[in-house]
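K.L.:
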Amino acid sequence: VQNAASALPFLRGFEPLAAVALVALLTLANLRGVRESGRALAVPVYAFLGSMALLIVTGAVQWVTGGLRQAESAAYELVPAPGYESLTAVGMGLLLLRAFASGTVALTGVQGVANGVPALRRPRSENAASILLMMAATSITILMSVALLAGATGIKMALDPQQQLRVDGRPVGEDYVQDTVLGQLATTVFGPGSLGLLVVSLCTGVMLVVAANTAFNGFPVLASRLARDRFLPSDLLSRGNRLTYSNGILLLAVAAAALVLIYRATVTELIHMYVVGVFISFTLSQLGMVRHWNRQLRTELALLTRLRMIRSRTINIVGAGCAATVLVVVVLTRFANGAAISLLLIGMIWMVMTVVY
Numbered sequence: 420v421q422n423a424a425s426a427l428p429f430l431r432g433f434e435p436l437a438a439v440a441l442v443a444l445l446t447l448a449n450l451r452g453v454r455e456s457g458r459a460l461a462v463p464v465y466a467f468l469g470s471m472a473l474l475i476v477t478g479a480v481q482w483v484t485g486g487l488r489q490a491e492s493a494a495y496e497l498v499p500a501p502g503y504e505s506l507t508a509v510g511m512g513l514l515l516l517r518a519f520a521s522g523t524v525a526l527t528g529v530q531g532v533a534n535g536v537p538a539l540r541r542p543r544s545e546n547a548a549s550i551l552l553m554m555a556a557t558s559i560t561i562l563m564s565v566a567l568l569a570g571a572t573g574i575k576m577a578l579d580p581q582q583q584l585r586v587d588g589r590p591v592g593e594d595y596v597q598d599t600v601l602g603q604l605a606t607t608v609f610g611p612g613s614l615g616l617l618v619v620s621l622c623t624g625v626m627l628v629v630a631a632n633t634a635f636n637g638f639p640v641l642a643s644r645l646a647r648d649r650f651l652p653s654d655l656l657s658r659g660n661r662l663t664y665s666n667g668i669l670l671l672a673v674a675a676a677a678l679v680l681i682y683r684a685t686v687t688e689l690i691h692m693y694v695v696g697v698f699i700s701f702t703l704s705q706l707g708m709v710r711h712w713n714r715q716l717r718t719e720l721a722l723l724t725r726l727r728m729i730r731s732r733t734i735n736i737v738g739a740g741c742a743a744t745v746l747v748v749v750v751l752t753r754f755a756n757g758a759a760i761s762l763l764l765i766g767m768i769w770m771v772m773t774v775v776y
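For what it's worth, the working numbering labels the leading residue of the sequence shown as 420, then goes sequentially.
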């Protein structure tokens, strides 16, 4: 919604309601069934990639030819937040760790490939590996291109723009609206009110809604398995007319809508709750794979197979270390900004699951 608001200003002030409406649409698409929702959600993916290619190529041509303009925020002075006027080496290190931990949320979509392996054509493992490779190459290309263009146009972003952005030594004021990086970049490259800005903003917004679909793909199935093992109510086992786990989909939709309304669709407050949950799962899954390879190595005698298992175990050990580092950093630096709530809810869910059993 924030990305779409860059081109559609009438959405500003109504972000929570618009976000809830999008959750409702996503819920309806999934209640229709996997095949229908998959087809409906494929178009925005390609539209987003096309809009990013258009933005990057146009911006690169303008940069090379000297026609790339400066962003509106380039004229503003970015001042440190209170308490961060001077940083020691340790403080700078903690700041970089926090930025790294927050940025890793960009990686959390990769589990969608693992969740969807059973739906892939044979050979499934090779196709999943190819998808991951394409995802990595595309993500790196888009990230580096946008970062370079954002630097060239002088875009400035602040956690508290009303206090940290100043013009002529004075705060920008309460009326200032800080668009997303892509929104500012598209405005600079294509111009305010242009068709290019509209295309990039809408495609980016819709793509983020599509990214939320990984939860609708994974949670209802997971909930049904937990219900089968008597850790959740048996109602989550039932399927609707379209053979979807409709109760799980509806439960997820209600919870998502509630969080959006309670936190007024503020990304900076919601993101850390999300990161905590995701990286607990990532850490446990990687440790589980390490345990799996240890068991296999106890009985495997073939040298080549053992070497392959040791390589796989090393990858999983590194993965567990990275995921655990992110988790610890987020919990320590954002404990009072959402991380504590996430940990509390996880504990409450565990207790409920125990009682149901």
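Think of the CB as a built atom: it goes at the ideal place given N, C-alpha and C, for glycine as much as any other residue.
The model shown is predicted, which means the values in this text are computed figures rather than measured ones.
#1: When the Cα of Ala-466 is compared with those of Thr-773, Leu-617, Ala-739 and Leu-706, which residue comes out closest?
#2: According to DSSP, is Pro-537 part of a helix, a strand, or is it coil?
#3: For Met-626, I'd like the list of residues in its chain whose CB is within less than 6 Å of its CB, leaving aside the five on either flank, ordered along the chain.
#4: Would you list the one or two residues that DSSP bridges to Arg-649?
#5: Should Phe-609 go down as buried or exposed, given a rule of 16 or more other Cβ atoms within 10 Å for buried?
#6: What does DSSP give as the partner residue(s) for Pro-590 in the beta ladder?
#7: So, do the stretch 688-700 and the stretch 723-737 have three or more beta carbon pairs nearer to each other than 8 Å?
#8: Using 8 Å for Cβ pairs, my map puts Ala-642 next to Leu-655. What's the rounded Cβ distance?
#9: Assign Met-563 to one of two classes, buried (16 or more other C-beta atoms within 10 Å of its C-beta) or exposed (fewer than that).
#10: Give the straight-line distance between the Cα atoms of Glu-719 and Ser-731, rounded to the nearest whole angstrom.
#11: Can you tell me where the alpha helix (DSSP H) with Gly-659 in it begins and where it stops?
#12: Taking the C-alpha atoms as reference points, what is the distance between Gln-361 and Ala-571?
#13: From Leu-567 to Ala-674, what does the alpha carbon distance come to, in whole angstroms?
#14: Determine contact between the stretch 584-602 and the stretch 442-449, defined as no fewer than three beta-carbon pairs at a distance below 8 Å.
P.N.:
Looking at the coordinates:
#1: Residue numbering aside, residue 466 sits at position 47 when the sequence shown is read from its first letter. It is Leu-617.
#2: Residue numbering aside, residue 537 sits at position 118 when the sequence shown is read from its first letter. If DSSP states are grouped into helix, strand and coil, Pro-537 belongs with the helices.
#3: To locate residue 626, count along the sequence shown from 1; it is residue 207. Result list for Met-626: Pro-463 and Phe-467, in chain order.
#4: Working through the sequence shown from its first residue, we reach residue 649 at position 230. Paired residues: none, contrary to the question.
#5: One-based indexing of the sequence shown puts residue 609 at position 190. With 16 or more Cβ atoms within 10 Å of its Cβ, Phe-609 is classed as buried.
#6: Residue mapping note: residue 590 aligns to position 171 of the sequence shown, counting from 1. Per DSSP, Arg-585.
#7: no
#8: Along the sequence shown, one-based indexing puts residue 642 at 223. Along the sequence shown, one-based indexing puts residue 655 at 236. With a Cβ gap of about 4 Å, Ala-642 and Leu-655 count as contacting.
#9: What you label residue 563 is simply residue 144 of the sequence shown in a count that begins at 1. Burial call: exposed.
#10: Locating residue 719 in the sequence shown gives position 300, counting from the first residue. Locating residue 731 in the sequence shown gives position 312, counting from the first residue. Spanning the two alpha carbons is a distance of roughly 14 Å.
#11: Stepping through the sequence shown from its first residue, residue 659 is reached at position 240. It is not in any alpha helix (DSSP H) - Gly-659 carries neither H nor E in the DSSP assignment.
#12: There is no way to answer for residue 361, as the model of the chain reaches only from 420 to 776.
#13: Position 148 of the sequence shown, counted from the start, is the residue given in the question as residue 567. Position 255 of the sequence shown, counted from the start, is the residue given in the question as residue 674. Answer to the nearest angstrom: the Cα atoms are 38 Å apart.
#14: no
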